[in-house]
Amino acid sequence: MKYLLGEKLNFDWKVVSVTIASTLLLMVDHYHKLTAYKYWDRVILYLVVPLLVILIFFRENPREYGFSFGDWKLGLTYTALGILFMAPIIYFLGSGNPSMQAYYERFLPGLPWTTFLDLIGWEFIFRGWILFAYARKFGPEALWLQAVPFAIAHISKPEVETLSTIFGGFAFGWVAYRTKSFVWPFLIHWFIATFIIIVAAGAM
């Protein structure tokens, strides 16, 4: 209490801005529908808005927040390994799982472009904007910090998936952190989401 009352609190205004804005964007996404399609809402809220904040208010290059291909050779390697590793796990967990089928079969129409649009902003806000803003202040601890809101945002999805997201969020963050790019975790996540829907819906 003495610290709070007697000393000035020094905050990193960009970390504060990213924390507040990203939290509000997640809430707006949950409670409101901006367009006829939810995936367009997420492009606007999670990609366009953060990029505008970076350019207009932060006056920085989006590359500083992973908006580039980064180390593309390493990125391609991680993407290939991620897909090869996750494909059998998804098939095992999703095939014949009633809760997964009940949740995901409605998303089958429009693949793979619906998942592309749904996730490109989703990955940028977590593995681009939040991760690299936090990494400046907290270093590698940012990998876990960005995974927390990512995991919480999955609540209401099937339990078997939600329980894994704190670790999945860390893994996606690690790929972005190593490659200096949100593109490669996005590609892995795009594959995972698309394949989960196909498997859970019994389309293969």
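Residue numbering for the sequence shown is 254 to 457, as defined by our numbering.
Heads up, the beta-carbon is just placed ideally off N, CA and C, and yes, glycines get one too.
- For SER348, no alpha helix (DSSP H) run applies, since DSSP gives it neither H nor E.
- Rounded to the nearest angstrom, the gap between the Cα atoms of LYS326 and LEU334 is 13 Å.
- Here the alpha carbon of GLU376 sits roughly 7 Å from the alpha carbon of PHE435.
- Taking TYR299 as the centre and dropping the five residues before and after it, the same chain places the C-beta of LEU278, GLY374, TRP375, PHE377 and ILE378 closer than 7 Å to its C-beta, in chain order.
- LYS291 sits in a helix when the DSSP states are folded into three classes.
- Counting along the chain, the unbroken alpha helix (DSSP H) around SER270 starts and ends at 266-284.
- In the same chain as THR288, and ignoring 5 residues on each side of it, the C-beta atoms closer than 7 Å to its own belong to ASP294, in chain order.
- For LYS261, the three-state secondary structure derived from DSSP is coil.
- A straight line joining the alpha-carbon of TYR290 with that of ILE441 spans about 23 Å.
- Judged by their CB atoms, LEU396 and TYR430 are nearer to each other than the 8 Å cut-off.
- Annotation for ILE297: no alpha helix (DSSP H) segment contains it, and DSSP assigns it neither H nor E.
- Under the three-state reduction of DSSP, LYS433 is assigned to coil, being neither helix nor strand.
- Here the stretch 400-416 makes contact with the stretch 337-353; the two share three or more CB pairs at distances below 8 Å.
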